[in-house]
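Chains as they are written, first to last, in the working numbering: chain B, 1 to 239; chain U, 1 to 239. Here the structure is laid out as structure tokens; the discussion comes afterwards.
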């Protein structure tokens with residue numbers, strides 16, 4: 001099985017995902033939010049690219065969630081925040097989510113046979129699910145401000161480490177993936193501090209959202225593996 | 001001092017280098033070749049982008065060197081190979097060099113105040129020189145086939161490690177740089193094997209050029225720090 005890792009959403013082209021399993025990572029915070037929502041009972045997450053699309057998709061009972069430049073969008077119910085999701089009643093409600101990079105990354109990958117949503121929160125479960133789908137895998141680190149984000153690379157490395165442990169045959173990992181595996185191996189005992197040292201981590205701390213870093217730094221809190229369904233109106237469910 | 005690391009020549013834009021010191025890395029093999037040529041007495045290396053430019057630049061006594069897809073260009077004196085340079089008389093001769101990525105990376109960085117040429121072979125000397133120039137630093141990993149190459153990332157991490165050790169104030173390193181620092185820390189005792197596991201390493205072994213990997217994997221063999229001079233006809237000298 002071949003595994004390729006892409007450093008940021010800007011580096012990805014739709015064609016790279018054809019016949020593959022895509023694994024989308026945006027640790028701070030889109031994919032951590034999606035996992036948290038589904039793990040705490042949301043009936044589904046609708047990832048949309050624009051604020052206007054989010055408002056158009058909202059039906060009665062839906063929670064409108066999203067951020068631009070790390071901040072909650074005016075008039076929305078919640079930001080793109082696992083912390084806020086945990087403090088609010090999401091059970092049996094749909095979450096409409098728009099974020100700067102994470103939802104864009106999901107939309108970029110729709111030509112894949114399967115699209116899985118990963119973060120540190122569900123890394124082991126997601127690694128297992130990706131292997132079971134028996135396709136070559138493209139791990140897309142969403143990044144931040146069109147740049148690589150260290151927390152996404154760290155999560156890619158963790159996924160590769162778990163996949164290697166579970167797979168009987170050796171994985172064929174590309175150069176960037178090998179580098180991310182080393183990043184994880186070097187920082188495995190210091191995940192939270194590594195995330196706090198990155199650009200997005202620093203920005204969230206400055207904005208008073210350190211609690212989200214605490215939550216998103218936890219490994220294997222959940223076993224839910226969100227998977228994308230549909231091609232027109234996308235919906236992320238736990239399947 | 002801020003230090004940014006760019007993952008491949010495709011990711012670089014000329015504007016990023018303005019007012020900066022650029023450090024160009026192409027471990028396999030352009031920058032290793034340039035360092036080897038100058039360390040063994042070449043009077044200068046002329047990096048050119050095309051085969052035609054190489055032929056046009058050649059004067060009597062010059063060595064015409066270069067590769068396309070890792071192989072020597074037909075009619076040229078040598079390939080892009082430190083091994084071949086060590087076996088041939090380069091003393092007091094100019095080397096005209098064209099390669100797939102490395103010379104392209106040098107040309108991309110000409111808006112920088114200073115352009116230094118780095119590889120594992122001169123890492124400590126280059127780290128010291130970059131600090132002494134007192135500009136923010138952009139480290140450009142040339143990569144291979146428009147993709148990140150692990151040997152370049154490893155070298156970027158080594159440079160950052162040496163710069164941190166030499167610098168009294170903490171460096172402000174971007175997320176990708178922090179990841180490369182971890183890559184180096186994880187693989188520091190296993191550099192040769194790491195390079196052999198990468199895509200370019202595998203290709204060179206297949207083409208019977210494993211000796212170049214042996215040479216290019218050595219750390220701090222030389223203290224020469226090649227620096228780009230001129231803006232029209234570029235010349236790399238040891239200054």
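All residues carry an ideal CB built from backbone N, CA and C; glycine is no exception.
| query | result |
| --- | --- |
| Does residue 71 of chain U come out as helix, strand or coil in the three-state DSSP assignment? | strand |
| With DSSP as the reference, identify every bridge partner of residue 97 of chain U, one or two as the case may be. | U:47, U:65 |
| Using a Cβ-Cβ cut-off of 7 Å (strictly less than) and excluding sequence neighbours within five positions of residue 113 of chain B, which residues of its own chain qualify? | 19, 20, 21, 135 |
| Give me, in chain order, the residues of the same chain whose beta-carbon lies closer than 8 Å to that of residue 236 of chain B; leave out the 5 immediate sequence neighbours on both sides. | 34, 38, 44, 45, 46, 47, 106, 117, 226, 227, 228, 229 |
| What do you get for residue 207 of chain U, buried or exposed, if any count of 16 or more other CB atoms within 10 angstroms of its CB means buried? | exposed |
| Ignore the nearest five residues each way along the sequence and tell me which others in residue 184 of chain U's own chain have a CB closer than 6 Å to its CB. | 154, 157, 158, 161 |
| Any beta carbon from chain B within less than 7 Å of residue 8 of chain U's own beta carbon? | no |
| Determine which residues share a DSSP beta bridge with residue 118 of chain U and list them. | U:25 |
| Could you tell me whether the Cβ of residue 153 of chain U comes closer than 7 Å to any Cβ of chain B? | yes |
| Under 7 Å between C-beta atoms, does residue 55 of chain U make it to chain D? | Here the protein chains are B and U, and chain D is not one of them. |
| When Cβ atoms are compared, which residues of the stretch 197-228 of chain B fall closer than 7 Å to chain U? | 197, 198, 199 |
| Take every Cβ of the stretch 190-208 of chain U, pair it with every Cβ of the stretch 63-71 of chain U, and state whether three or more of those distances are shorter than 8 Å. | yes |
| Contact between the stretch 48-58 of chain U and the stretch 170-188 of chain U is defined here as three or more beta-carbon pairs at a separation below 8 Å; is this criterion met? | no |
| Do you know whose CA, among B:149, B:175, B:50, B:125, lies nearest residue 165 of chain B's CA? | B:125 |
| Quick check: is the beta carbon of residue 13 of chain B nearer than 7 Å to any beta carbon in chain U? | no |
| Nearest chain B C-beta to residue 25 of chain U closer than 7 Å, yes or no? | no |
| Just how far apart, CA to CA, sit residue 32 of chain B and residue 121 of chain B? | 7 Å |
| Taking the beta carbon of residue 65 of chain U as the centre, do at least 16 other beta carbons fall within 10 Å, making it buried, or is it exposed? | buried |
| Using the rule of at least 16 other Cβ atoms within 10 Å of the residue's Cβ for burial, across every protein chain shown, is residue 175 of chain B buried or exposed? | buried |
| For chain B, is any of its Cβ atoms less than 7 Å away from the one on residue 176 of chain U? | yes |
| By alpha-carbon positions, which one of U:49, U:99, U:108, U:42 ends up nearest to residue 92 of chain U? | U:42 |
| Between which two residues does the alpha helix (DSSP H) containing residue 161 of chain B stretch? | 150-166 |
| Measuring straight from C-alpha to C-alpha, what distance separates residue 75 of chain U and residue 40 of chain U? | 23 Å |
| Candidates B:84, B:108, B:7, B:63: which alpha carbon is nearest residue 49 of chain B's? | B:108 |
| Taking any Cβ of chain B, which residues in the stretch 178-196 of chain U have a Cβ under 8 Å from it, in chain order? | 178, 179, 180, 182, 183, 185, 186, 187, 194 |
| What's the gap between the Cα of residue 142 of chain B and the Cα of residue 219 of chain B? | 19 Å |
| Suppose the cutoff is 6 Å on Cβ atoms and the five residues either side in sequence are ignored; what does the same chain contact list for residue 5 of chain U look like? | 139, 156, 176, 177, 180 |
| Note the first and the last residue of the continuous beta strand (DSSP E) segment covering residue 4 of chain B. | 2-6 |
| Using a Cβ cut-off of 7 Å, pull out every chain B residue sitting near residue 149 of chain U, in sequence order please. | 175 |
| Which one or two residues does DSSP pair with residue 112 of chain U in a beta bridge? | U:18 |
| Let me know if residue 8 of chain B comes out buried or exposed under the rule of 16 or more other beta-carbons within 10 Å of its beta-carbon. | buried |
| In chain order, what residues of the same chain have a beta carbon less than 6 Å from the beta carbon of residue 96 of chain U, not counting five sequence neighbours either side? | 46, 54, 57, 58, 62, 64 |
| Alpha carbons only, please: which of U:189, U:29, U:215 is nearest the one belonging to residue 104 of chain U? | U:29 |
| For the beta strand (DSSP E) holding residue 13 of chain U, just list the boundary residues, first then last. | No beta strand (DSSP E) contains residue 13 of chain U, which DSSP labels as neither H nor E. |
| Closest to residue 15 of chain B by CA distance: which of B:238, B:196, B:110, B:130 is it? | B:110 |
| Use the C-beta contact count for residue 13 of chain U: other C-beta atoms within 10 angstroms, 16 or more gives buried, fewer gives exposed. | exposed |
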